[in-house]
Amino acid sequence: MGFATYIAKRLVVAVLLIFVAATLNFAIVHLAPGGPDAVLLNNPRMSPEARASILKSFGLDKPLYEQYALYVIGLITGNWGTSYFFLTPSYMVIAQRIPATLALMIPSLTLTIVIGIGIGVLASRKPFSFADRFLSSFSFFFYAMPAFWLGFVLLTFFSLFLGVLPASGMASVTSTKFQLADYLHHLILPMTTLTLVNLANFSLLMRSSLIEVLEQNYITTARGKGLTEHLIFYRHALRNALLPTVTMVGLFVGFILTGAILTETVFSWPGLGLLTFDSIFRRDYPIILGLFFMFSVMIIFSNLITDIIYGLLDPRITYG
Amino acid sequence: MQRGRYGFFELSMKLSKFLTVFVIALCLLQASQLAFAQQPKVLVVGITSEPEITELNPVRMTTTYYTAEAYPNLVGWDSDGKVVPDLAQSWTISPDGLTYTFVLRDGLKWSDGQPITSDDVAFTFKYLSEQSEFWYYQWTPIQVPASGTTTGYTLRPGAIETPDSKTVIFHLLVPSATFFIYAAGWSVLPKHYYQGMDLTTQNPDLSTYVASGPFIPNQDLPGDKIIYVANPNYYGGAPHLDQVIFKVYRDSTAAEIGLESGEASFLINVPGSDVAALSKDPDIQIGTEQDQINVYLTFNFHPKLADGSVNPVADLRVRKAIAMAIDMPTILNASLAGYYKEANQIQVPNMYYLGKSVTNTSIPNPEYPYDPQGAMTLLDQAGYHADSSGNRMTMTLVMASGGRTGTAASIKLMQLIQSSLKAVGITMALIILDSASATQRIRRAAPPKDWNMALWGISSSPDPDVNAYYMVSTLGGNGDAGGWNVGGYYNPLVDQLAILGENTTDLDQRVAIYQRMSGIAHDELAVLELYYQTEVLAWNKMFQGFILGLGNPMHDYWGALKHQSLAQVTIVQETTTMETTTASTTTDYTSIGAIVAVIAVVVGLLAYFVGRRSKKT
Amino acid sequence: MACWTRESPMDERKETKQTVFSRAAKFLKLYSRDRSAIFGLIFLATLILAASFAFVLYPVDPEKPELASTLFPPSVVHPLGTDYIGRDQLMLIIYGARPSLIIAFAAGAILSLLGTLTGLAAGYFGGKVDGAIMRTADIFLTIPTLPLVLLVVAVLGPNLINVMLVIGLTGWPVMTRIVRSDTLSLMKRDFIEIERVMGAGIRRILFKHLLPNQLNSILVYTSLSIPVVILTEAGLEFLGLAPISVSWGFMLNTSISYWIIGAWWLSFFPGLAIFSTALAFYFVSEGLKAALNPKQRRRQESLVVQLAERK
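Chains as they are written, first to last, in the numbering used here: chain A, 33 to 352; chain B, 311 to 927; chain C, 1340 to 1650.
Now the structure itself:
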């Protein structure tokens, strides 16, 4: 079958997957103790009328299957319910935090890819040399490190001890509009933490695929033809070795979310990770469900796009 | 095969160029920090838990932490507990206790320039009676049942009279002991702003918020901060500061770092154990306010637990033994570093009814003397004998990590109690849950519950009825699932006394009722009292003028941030406010240096060791 | 690169008369070529021993406070300092190794078992079964792990069993893929055909041929997924959902409050413990990989891709 059919098939499967994931989330939320009712009906002295009206306003007086149907339709139409904590529509709360997370993730991701690939390239020059071993161990040294611990250590050192970097937040307290210098100042520590912890994914991958590529026949042939090392490296080896990295970038969206939660918690960065953490601990179910839905969609579609790009780049792939 | 050093040099050159630029940028940033110095005059209050958006909603709020700055009341309470004028310049109560008359000051204005009149007062109580399901009961004397309102009540026709724009007259049908406090001490709302707004399903729009206090909420950035701007129309004169910002920190440590670095100016809820470290900073001033928060251990009173096992603490002897096994003064001091008051009864010490203290002075403090031997004897008498390893019984104690009772100090306190109990043969499993799970398990679960003891707390309004009702009565379902009497303690006499107390107005009689209730609760060990919370405040000396200890009839208050106090706060030195200063801690610098060296060595070692001896496989 | 042979690799071994001893010796020789793997193994062995005999080393109740010695910095008497109720931190680290190790091994076993069984089934039966299993695996991969684990543990309660189960049950898809692809490539070999022609039952083929030939790689990838289990569990505890109060992640959680006093050792050493253990498992898995699969050239990226997908 052709490329288009393959993608179409994958799309259909993707949609189904999202649906099942969403159902799973709904089940967890509504079937566990301490469900939505308990969260909302906080006040012991609440009158029965008030109880009823609050449940009604959140749609919790309907039978479960009806709530489920509304939930599914709502996910698609963008009506993700009203947050219990914020009393505003969930999607608004979530949408408001997206820029903050992007503001952290995009620089981190870029830096991780660039440095990671760079390290991988450097390490692959002379495999098992000291440089290689140092760089590789540097990578998984930080990979095995708990992100929150690393965040702490950096925070203690640069913020508490040296006092040159701020301890929390995305911007200084009194700033009302976006100031680049201030933002960068706050960005350094969380970005460094995230980058260091995720480096290994790219550097090790790059290194091993480069080593493997450089041993291929066509490289030897190219050398035989008399091409300069420089040319061989950049035009042939690197390009081919980059392919698996593309896969990695697609998967990276998943790591971003895990990394986001831990890093944003340590640095009080007001993004999606912090929102996830807070909402889970506050049992703010509409937001939790909306967030999980969004995460699933992001992951599935980034996988899909990765597949597409990979398919376009690698002529060897066939679709059957 | 020769692998040339192609590009290696170039790549590393590029990398080092990049790094140099980065470092220079960092230095520039540090310099540009001074540019931030041209600030508006801002007081940054560091808080450690994000307030719910409903806290700015007069109908749905559960505390007045965030409205005390914005909404003056009819009257206020000064640091000595005396009633002083606020929006009302004078008031009278008729001898029969059925008529309350308030006269407002001249020239009162809302933040948008509209005049504050008696209509606003009348509107406030009608509005809240109909919509505020949390607080409507406070004004029962002027309410009648109604249909179609959220609460099922509305204002009784004729209950509030407004003969002119400055005079408000409340008419009661029967005298009420608490009406004055609840009515005169409540936020007065603007009629022209809230009229027609259904606040049970939506929140007021902060950008158009109207209030009368010195600082009005203006912007809420969830998870980050709430910004209050100055209101020049405040009756006490325009405040000296431009803004008050409540900044949310993850925990007290982050807040303290914020204070020391100059980012935050004022902290509340500072743990007592951190005071020593903070005081070392010459710019920081520490102050205390006495809260009305009572922290205690509650017992499960059902004879059997959820799993059917026998519940030892249902037996009074076991409860007494537990009390005697704990050296309360020592343990409290070790955990709270002196910032607390030892508790011995259900009413907090600064609880008065019309100026007379309701403290039962015949209850000893500590409640029971530290006597582990006596405790073990009691346990033997109750039938819990020690086995070969000294163990008599196992129990569970549930606590929340986070929230009012869940600080690091509380965890430490519980762990110390745990080991005290171990010493007399009681193995206490300490279950630390997050706030929501703990609330679910301790309060919302249906009896019989699955724990023996729980760490709990309550904060009172300045009326004894709150603690009495919520802590030890079963009225209104208070002892069932969702009730505040989470252990299900039941004594019909106590319930009767609670009802009696709410309906008595005679000064001496009422005080006697509550003292008697405290006595019974002590005799039966309805709860094991721990401490009364002392609120520790820390602020940058640059800000002066705080009045500590201002009263507020609501549950929770930060006296120093009440509007009368905030309006007076000034900045005494115009320094570069946002300059980051090196934190002065007792960090051992050489240790840190040693650690950095160790890390470098470790990475180097790793590099040396990692890697195969030979590539060939 | 398929080996065109009638025999399974297991039979090969029998043919060359390799005894258990000589195989073990060869294994050790290959393993010890990687110095880091040796160190990892030594570290883990020491840790496991210390944790198992914690009560012998420190015959006291780990939760017992010693108010006289609170918050001492590291010294000769207390090499890692004492905590906020005076307990020696070295003791706490050793006792704290237990929940981490238990969860690491248990969750690892769960995800390994589940992954292997589903992978075998997917590879052997193919068709609809394969499709169903892989789609289910995809679902688990699309829900981000940490938020899901957080939610489930927060809602169901943070006890040892829940944490073990949740981490194990969210980690199996990785294993499934590996086992499935191995099974598929094994299935292409002649000896399976022969078995089938001879009428061998499913059980025989699965458990006598398919599984034993994959034990090596299963072991390697299980040990590779353990670091992530450790980090996830530490993350859970750090965020407040600790099964036991004497555990590394929870020690990190409580250490934050004592920062301002300068008690850096409260957060440094538990973090170091988590980190070293994760690293040790990683080294061991690398060593196992070198030792157990010396002849098969696996595409390296699948290793890291699996790594990546787990985190």
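Just so it is clear, CB atoms sit at the ideal spot from N, CA and C, and this is done for glycine as well.
- Excluding its 5 nearest sequence neighbours in each direction, ARG1437 of chain C has C-beta neighbours in its own chain below 6 Å: ALA1390, listed in chain order.
- By the Cβ rule, the stretch 230-245 of chain A counts as touching the stretch 140-149 of chain A, because three or more pairs are nearer than 8 Å.
- In the DSSP annotation of this structure, the continuous segment of the alpha helix (DSSP H) that includes THR563 of chain B starts and ends at 562-571.
- Using a Cβ distance threshold of 8 Å, ASN654 of chain B and PRO639 of chain B do not count as a contacting pair.
- Proximity of TYR1423 of chain C to chain B, defined by a Cβ-Cβ separation below 8 Å, is satisfied.
- Residues of chain B with a Cβ closer than 8 Å to the Cβ of LEU1580 of chain C are, in chain order, ASP744.
- Residue environment: ILE809 of chain B is assigned as exposed (fewer than 16 neighbouring CB atoms within 10 Å of its CB, all protein chains considered).
- Rounded to whole angstroms, the separation of the alpha carbons of LYS557 of chain B and PHE576 of chain B is 10 Å.
- In this structure LEU551 of chain B is buried. Its beta-carbon is surrounded by 16 or more other beta-carbon atoms within 10 angstroms.
- As computed with DSSP, SER667 of chain B is found in a beta bridge with B:TYR662.
- Closer than 8 Å to the CB of PRO139 of chain A there is not a single CB belonging to chain C.
- For VAL1568 of chain C, no Cβ of chain A is located within less than 8 Å of the residue's own Cβ.
- Distance check between ARG314 of chain A and each of A:GLU98, A:PHE118 and A:ALA101 places A:PHE118 closest, using alpha-carbon atoms only.
- Neighbourhood of GLN728 of chain B in chain C, by CB distance below 8 Å: GLU1402, in chain order.
- The C-beta of PRO682 of chain B comes no closer than 8 Å to any C-beta of chain C.
- THR704 of chain B counts as exposed, since fewer than 16 other beta carbons sit within 10 angstroms of its beta carbon.
- Within chain A, the C-beta atoms nearer than 9 Å to that of SER1606 of chain C come from TRP181, PHE184, VAL185 and THR188, in chain order.
- Within the DSSP bridge table, the entry for PHE853 of chain B names B:ILE881 as partners.
- Among the residues of chain A, those whose CB is under 8 Å from the CB of TYR559 of chain B are SER200 and SER300, following chain order.
- Look at SER140 of chain A here: in three-state DSSP terms it is helix.
- Annotation for PHE490 of chain B: no beta strand (DSSP E) segment contains it, though the alpha helix (DSSP H) segment containing it runs 489-494.
- Between the stretch 1412-1420 of chain C and the stretch 1364-1383 of chain C there are fewer than three inter-stretch CB-CB distances shorter than 8 Å, so the stretches are not counted as touching.
- Looking at the backbone, the Cα of GLY1510 of chain C and that of PHE1608 of chain C are separated by about 28 Å.
- Residue-level contact by beta carbon holds for SER571 of chain B and chain A, with a gap shorter than 8 Å.
- In the DSSP annotation of this structure, the continuous segment of the beta strand (DSSP E) that includes MET709 of chain B starts and ends at 703-711.
- With respect to the 8 Å criterion, VAL229 of chain A and MET177 of chain A are classified as neighbours on the basis of their beta carbons.
- Taking a beta-carbon distance threshold of 8 Å, GLU360 of chain B counts as an interface residue toward chain A.
- By a beta-carbon distance limit of 8 Å, ASN513 of chain B does not contact ASN701 of chain B. Their separation comes to about 53 Å.
- Of all alpha-carbon atoms in C:ALA1448, C:LEU1450 and C:LYS1403, the one lying nearest the alpha-carbon of GLN1428 of chain C is that of C:LYS1403.
- Close partners of THR563 of chain B in chain C (Cβ separation under 9 Å): ILE1595, SER1596, TYR1597, TRP1598 and ILE1599.
- Residue environment for HIS217 of chain A: buried (at least 16 other C-beta atoms within 10 angstroms of its C-beta).
- With a threshold of 16 other beta carbon atoms within 10 Å, ASN335 of chain A meets it and is buried.
- The beta-carbon distance between ASN383 of chain B and VAL498 of chain B, rounded to whole angstroms, is 7 Å. This is short enough to meet the 8 Å contact definition.
- Residue pairing from DSSP leaves HIS1548 of chain C without any beta-bridge partner.
- Taking 8 Å as the CB threshold, PHE324 of chain A stays off the interface with chain B.
- By the Cβ criterion, the stretch 1553-1564 of chain C is in contact with the stretch 1514-1528 of chain C, since at least three pairs of Cβ atoms, one from each stretch, lie closer than 8 Å.
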